[in-house]
Structures are given as C-alpha cells and as structure tokens.
Amino acid sequence: MANITQSSSSHPRSAEGNPFTRFLRATEIDTRLLGMVAALLVIWIGFHLYTGGLFLTPRNLWNLSVQTTEIAVLATGMVLVIVTRNIDLSIGSMLGLVAMIMGVVQAKFLPQYLGFDNSWTWLITLICGLIAGTLIGLFQGVIIAFLGVPSFIVTLGGFLAWRGLAWYVTSGQTVAPLDTTFRIMGGGAEGSVGATWSWIIGLIACVLIIVGIISSRHQRKRFNFPRRPLWAEYFLVVLGCALVLGAIWVSTIYYWPVAIAKKYAEANAIAWPETGLFISYGIAVPVLIAVLVGIVMTFIATRLRFGRYVFAIGGNPEAAELAGIKTRWVTVRIFALMGFLAAVAAAISTARLNAAANSQGTTYELYTIAAAVIGGTSLAGGTGTIAGAMLGALVMQSLQSGMGLANVDTPIQNVVVGAVLVVAVWLDTVYRSRSK
Amino acid sequence: MTDQRTSPSPNTPLVELKNISISFGGIHAVDNASVDLYPGEVVALLGHNGAGKSTLIKILSGAYKRDSGEIMIDGEPADIKNPRDAKKYGIETIYQTLAVADNVDAAANLYLGREIRTKWGTLDDVAMEASTREVMGRLNPNFRRFKEPVKALSGGQRQSVAIARAILFNARILIMDEPTAALGPQETAQVGELIKQLKKEGIGIFLISHDIHDVFDLADRVSVMKNGQVVGHARTEDVTKDEVLGMIILGKVPPKAIPGPGAMQV
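Protein chains in written order, with our numbering: chain X, 1 to 436; chain Z, 1001 to 1266.
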C-alpha cells in the first residue's frame, strides 16, 4: 500500500493500472457496490434462464420492487445501528405492534368520529404510527445509552415484549379491511402513479443527477482539488439517467389486469376498446417511499453532522467521546430513527396486506440484518452504506422471488438464503483483507 | 493562531493544577498533586507506568472528574467537567492511543466534534478539506492522502493528523501523552521540531513520558510523579538525567529541585 502511494505522488494518477482499474479510479465507482450489482445481474439472468423467461418480465420486476420496499426501508436504519456496533433485534416486533396500532386507529377508533373513508383518516393514522414507532425506538435507545444495557439484550427483550403487546391490542384478532386512501401506500393498481407521473418523476430525477454532478465539480474546482476527468462525469450522468429511465420504462410497460381495467372503465364510463384497455402501473407508491427514505437516509449519513458522528463512534467510540461528541445522545437518536423507519415499513406492510395482524413482520429483523450485512455493513462497526444495504435487500428478495418462480420448496428457500448470507460475508472478508 | 500570548502577566501561570486527587475503587490514582505551566513553556511529566501522570492530565483534559482540588487557567478557577469544557479553555490533547476515528478521512478527524457547516446546516466537506490541506501542508508537506480513511496511513502520518487536529483550533494549552511512542526515529525528530515551533507561538505544552531521554531536550522543566504523588519539580538545566532517574525510581529529590508530597523522606 505504501509503495502505491509513493509512486502515485510522482506519476499522474491515470498512468497506472490496467484500463479497468483506471476506469474505476476515474469514475470513483465503489468496487464493492459494483460487485453487488454483478451478483444481482447473475441472479436475475440465472433465474430468467432457469424458469424459461419468467423472471425478467415487467410484471415480476414490478412485484419484486414492491416486495423489496419493507426490508429496504428497515435496512437503511439498520446500517446506522450496526455501524455504531449495536444491533436491533426488535424491529420485526416493533413493526407488528405499530401495524396493530395503525390498524385499530384507522379501522376502529377514527371511524367513530370521522366516519368511514374520511380523507384525513390515512394521515392521522400514519402520524400516530410514526409517533408510536419513534417513541418505542427512543425508549429502547435511552435504556441502551443511559442505563448501559447492551443493545443486543434490550432489543431481544423488545423482540418478545412488542410482539406480546401487539397481541394485546385486539386480543390477537386481525384488523381488516383498511382505509382506501391508506392502502395507496401498499402498491397495487390503485397504489401506483401511472405512466405520466412516472415519466415526470424520472425526468426530475435525471435533472437532479445532472445538477448534482455539475455542482460537485464546481465545488472542487473552487478549491482547486483534483477532479474526475470530463469523460467520467459524462459517463456517470448517462449511466445514472439510463438506470432511472430504464426502471421507469419497465414499470410503464406493465399494464393493469383486464378485470381491474374493465372495472375502472365501467366506473369512469370509458368505452371498452376492441383491442383492450392498456393502463400502465407506473412506479408503485411504496417504491417511491423507499427511494425517498433511501435518499433522505443517505443525506443524513453523509451530509449531516449526526451521520458523521455515527461513523466516528463506529470507528473509535473513545476518540469520538474525547472529541466532545455526545455519544449517548447519538445512540438514542439512532434507535429512535430505527423506530420511525419500522413504523414506515409497518405502514407499507399493512397497506399492502389490507390488514393488520399481530404476526406481521415476523423474522424481518433477521432479513434486515442480512440485507445490511450483504450490502457491506461490517458487524465490527464503522463501515456501511445506505445504498449498499438497500441493494442487499434487493438481492435477498430477488433470490426469494426467483426461487418462488422456480417452484423451490419453502424450506429449501431458507437453506439457500442462509447459505448466501454466509458466503456473501465470507467474500466480503476476503475482499477487505485483500484491500488492506 | 500565531499570537496566543493573552495571559494577564508573565508571572501568572497558564495552568495551575492545585491539590488534585482522584481515586478509583479505593486506589489513589492521583493523590494531592500540584503542577503548573507557563505560556511558551514545555513541562515534562515523568514517572513509571501507573505513576498517575496520564490520570492527572486526563483530569485537565476533562476525560476524568477529579474528587478534589482546583484547576486554575490564567489565574482563575476553571470549570472543567468534560472534554467539551476543556476545549472552551483552549486545552487540546493528543492521546497516547492516537484518539482518531480510523474509518473516516483526515479532514473528518481534524474537525470531529467541530465540523464546518454550510448555511443549510449540512457538512461543508470541501471547506474542511481545504483547510486540512493547508494545515497538513505546514505540518507534514509529504501528506497527500486526504481522501483515504486514517487507518490506511502510517503511524507518523496518523500522529500528524492528531497534532494538526489539536493546533487547528488555536490551542493555548497542549497536552501530549507519549506523542512519540508509536513513531520511528525520523518521525520522532519531526514531532520534536513541531514542539519547538509551537513553543515559539506561546503555547504551553504538557509532555507526558516515561522515557526521560525523549523529553530532556525539549522540556524546560520536569515534574516527576510516583505512586500518584508528585515527587518534585526541577528545571532541566539544574539537574542531570541520572538525578531525574533517581526521582522517578526512588523518589529521591536532588538539591536543586523543589520537593513535593511524594518525595522520599530521609
């Protein structure tokens, strides 16, 4: 490592290595992230060939995107928890309790005052759920930070306690059906934004990508820092926009099933055309929520002081304390944030099921931890990215979805997911020890 | 950064630790210890491992809370309860263990706890990197790895990050706990040069070591501790290395030194 640096100080950076490493250095693409994308492509193409063309269809990809959202949302928070050398085993149970609270608020409590299908019901329900989740997380965080009980124990207690309380909310009864507006958060035909809005969102995203890259280049120019070569900037713009627009295109060529389209045509007095009515799903609302959560969490982790402290504590808790960081408060805030995200996932989950059950979110804590770890979060603390964890969630869900399409028995599915987790972490360990 | 001579008069010590005691579970780690430090002066705190020098200095830097005693800064009592309070008085510490966060880059470490923020409240990484490049350019012109996590750096480079971190915020009182323990001879010499430069700027430095050879050239005075007590103080020009060794090992105070409560009774 030392040799490389010395030589790089005397030669221009781009002069070394083979074309591929030079390309990676110029574009500053994370090799770990690239490896995950490669693994994802292998899984997708592999299942596509194995199932005889069932996997890479607009329908399956659209479903995959919706199924990934809950774990992806949870994983963004789990990254921060694990980065500070903590763990949260309670999120599945927290999700179950918050789901029950939201179910009761919208289906039993609010209708007494507002009537059924009031346009405010969904918002009041959501706010109640988010507050409940945040408070539960805050409570656990205070015990961990100020009473000094290890997070493993506190959240293991929470794992049992919150699930038990979820049962008590309605003595174990499932709450259904839910408010129609609330259900938009769960996806489906009604919970998608349609083709026009999907393209508008896509174009806004592309503009933001371009503005982001230009302004970062501008900043570095102002202080005379080394910059990426121009071709690399163009490449990143094209790649980012292509990915966004590609995903949107796939979502717009998945059309409503005939039965739903017919009902919609009747309700809106549209004449049924001979060729059939093609209404695009477009991007699903839960996917938009997950992407938004991912962007906000990345912003928190990389652009705010709080995020900087989270990583500093993970790297060296003593140094962080000596630098004057209020490490306990940071811990409390991380767990409160995790509770908030569990409530977001609970909202998506109940809306998708159109019901609140006390078993909701069972084993989610394990899938979330697995997603974060597959996404490059180190259990030793200090390293991890939000994008990696979300991609990890997509990898896990792709495996499960693919095995479902390939008619693999459920018990075997668990065996495969377990094995993939271990192999992924092993490969990561090898990668890390090489890069030192 | 250049002119730090703000103390009321040259006769007022910059720092005065008076009768400091602290015990951990019945063991008197520091027992009634008093030391002082004047602007532009280097005072070496010497003693065996476990003599209490690191503990005493951690009380000054706010890492430990004293059981009794007083801390005076510029002749006025100072209220230091945690590292944040100490920083308000311009006290900066470079720890033996190189208290840096390994997983983030040099700029993030330099500004840890005191980040520069943009008008929207977000981290201004570019501004932080710019001033890091400037400070590191002064301290260690060979330093170029601004974008890499600190764990990828050599011991000397990490040490220069730790020192840059301390002087970046206009320290008036610098505590260096075994600053050269992890370094090779060339890097040790670099740190020595740096200490002389900081001295010229009027910064008072507490240098902690258990190796007298390390500090004899740099220090103006030595204070020796043994079993939590101060054996005595002496100007380095008044004593020989052997006499100081006698203070460290036996607690025997040479004639030109001022004995403390821990001095050997004869």
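The C-beta atom is built at its ideal place from N, Cα and C for all residues, glycine as well.
Quick test of your reading: Y1095/Z and D1211/Z, contact by CB under 8 Å. State the CB separation rounded to the nearest angstrom. Not a contact, Cβ separation roughly 17 Å.
Pop quiz: S349/X and Q360/X are said to be a contact at Cβ under 8 Å. What is the actual Cβ separation, rounded to whole angstroms? Rounded to whole angstroms, the Cβ separation of S349/X and Q360/X is 6 Å, and the two are in contact under 8 Å.
L1139/Z burial status per 10 Å Cβ neighbour count (16 or more: buried): Buried, because 16 or more other Cβ atoms sit within 10 Å of the Cβ of L1139/Z.
Within this structure, are the beta carbons of Q400/X and V417/X separated by less than 8 Å? Their beta carbons are under 8 Å apart, which means Q400/X touches V417/X by this criterion.
Does N268/X pass the burial test, meaning 16 or more other C-beta atoms within 10 Å, or should it be called exposed? Answer is exposed; the Cβ neighbour count stays below 16.
Report the three-state DSSP secondary structure of M390/X (helix, strand or coil). DSSP places M390/X in helix when its eight states are reduced to three.
Near-chain Z residues of the segment 314-325 of chain X (beta-carbon distance less than 8 Å), N- to C-terminal order: Of all residues in the segment 314-325 of chain X, G314, G315, N316, E318, A319, A320, E321, L322, A323, G324, I325 have a Cβ within less than 8 Å of some Cβ in chain Z.
Return the residues of the segment 378-400 of chain X that lie within a Cβ-Cβ distance of less than 7 Å from chain Z, sorted by chain order. Cβ contacts with chain Z: G382, T383.
Contact between the segment 314-326 of chain X and the segment 336-348 of chain X is defined here as three or more beta-carbon pairs at a separation below 8 Å; is this criterion met? Flag = no, the segment 314-326 of chain X and the segment 336-348 of chain X do not touch.
DSSP three-state call for Q413/X: helix, strand or coil? When DSSP states are grouped into helix, strand and coil, Q413/X belongs to the helix group.
Evaluate F182/X with the Cβ neighbour count: other Cβ atoms within 10 Å of its Cβ, from every protein chain shown; 16 or more gives buried, anything less gives exposed. By the neighbour-count rule (16 or more Cβ atoms within 10 Å), F182/X is buried.
Start and end residues, beta strand (DSSP E) containing Q1229/Z: From DSSP, the beta strand (DSSP E) with Q1229/Z extends over 1229-1235.
Do the CB positions of P1261/Z and E1243/Z come within less than 8 Å of each other? It is not a contact, given that the beta carbons lie outside the stated cut-off.
Spatial neighbours of R85/X within its chain, please: CB distance less than 7 Å, with the 5 preceding and 5 following residues excluded, ordered by chain position. Closer than 7 Å at the Cβ level, and outside the excluded window around R85/X, lie G314, G381.
Would you please verify whether the beta carbon of A1101/Z is less than 8 Å from any beta carbon of chain X? The beta-carbon of A1101/Z is placed less than 8 Å from the nearest beta-carbon of chain X.
Inter-residue Cα distance where the pair is Q437/X and L147/X: Residue numbering for chain X in the displayed model covers 1 to 436; residue 437/X lies beyond these limits and cannot be assessed.
For a test of the three-state rule: what should DSSP assign to M1225/Z, helix, strand or coil? M1225/Z falls in the strand class under three-state DSSP.
For the alpha helix (DSSP H) that contains E321/X, what are its first and last residues? 317-322 is the span of the alpha helix (DSSP H), which, as asked, contains E321/X.
Might you give, ordered along the chain, the residues of its own chain that have their beta carbon closer than 8 Å to the beta carbon of L1207/Z, omitting 5 neighbours on each side? Here the set comprises V1042, V1043, A1044, L1045, M1176, P1179, I1195, V1215, L1218, A1219.
Minimum C-alpha distance to R328/X - residue among A345/X, A342/X, F306/X, G35/X: Among A345/X, A342/X, F306/X, G35/X, the Cα nearest to that of R328/X belongs to F306/X.
Report the residue from I412/X, G52/X, G276/X, T385/X whose alpha carbon sits nearest the alpha carbon of R308/X. For R308/X, the closest of I412/X, G52/X, G276/X, T385/X by C-alpha to C-alpha distance is T385/X.
Proximal chain Z residues relative to R220/X, where beta-carbon distance stays under 8 Å: In chain order: V1126.
For Y255/X, does the three-state DSSP call read helix, strand or coil? In the structure shown, Y255/X sits in a strand (DSSP, three-state: E or B).
Between which two residues does the beta strand (DSSP E) holding E1350/Z run? With chain Z running from 1001 to 1266 in the structure shown, residue 1350/Z is simply not present.
Distance between G1052/Z and I1248/Z (C-alpha atoms, nearest Å): Annotation: I1248/Z to G1052/Z spans about 12 Å, alpha carbon to alpha carbon.
Environment of T1118/Z [buried if 16+ CB atoms lie within 10 Å]: T1118/Z comes out exposed.
C-beta neighbour in chain Z for L160/X, strict 8 Å: Output row for L160/X: interface = no.
Between the C-alpha atoms of R1066/Z and G1026/Z, what's the straight-line distance to the nearest angstrom? Each residue's Cα considered, the two are about 14 Å apart.
Kindly indicate which residue of E1076/Z, E1237/Z, I1073/Z, V1230/Z has the alpha-carbon position closest to the one of G1251/Z. With distances taken between Cα atoms, G1251/Z lies closest to V1230/Z.
Return no unless some Cβ of chain Z is closer than 8 Å to the Cβ of L304/X. At a cut-off of 8 Å between C-beta atoms, L304/X counts as an interface residue with respect to chain Z.
Proximal chain X residues relative to A1130/Z, where beta-carbon distance stays under 7 Å: Listed along chain X are F223, each with a C-beta nearer than 7 Å to that of A1130/Z.
Measure from the C-beta of G1113/Z to each C-beta in chain X and report whether the shortest distance is under 8 Å. Answer yes: the Cβ-Cβ gap between G1113/Z and chain X drops below 8 Å somewhere.
In the DSSP assignment, what are the bridge partners of H1028/Z? Answer is S1023/Z, bridged to H1028/Z.
Taking only beta-carbon atoms, is V1215/Z less than 8 Å away from chain X? Chain X contact via Cβ: absent.
Identity of the residue in I101/X, L292/X, I210/X nearest V169/X by Cα: Closest by C-alpha distance to V169/X, out of I101/X, L292/X, I210/X, is I101/X.
Neighbour list for A1063/Z in chain X, Cβ cutoff strictly below 7 Å: Result: L322.
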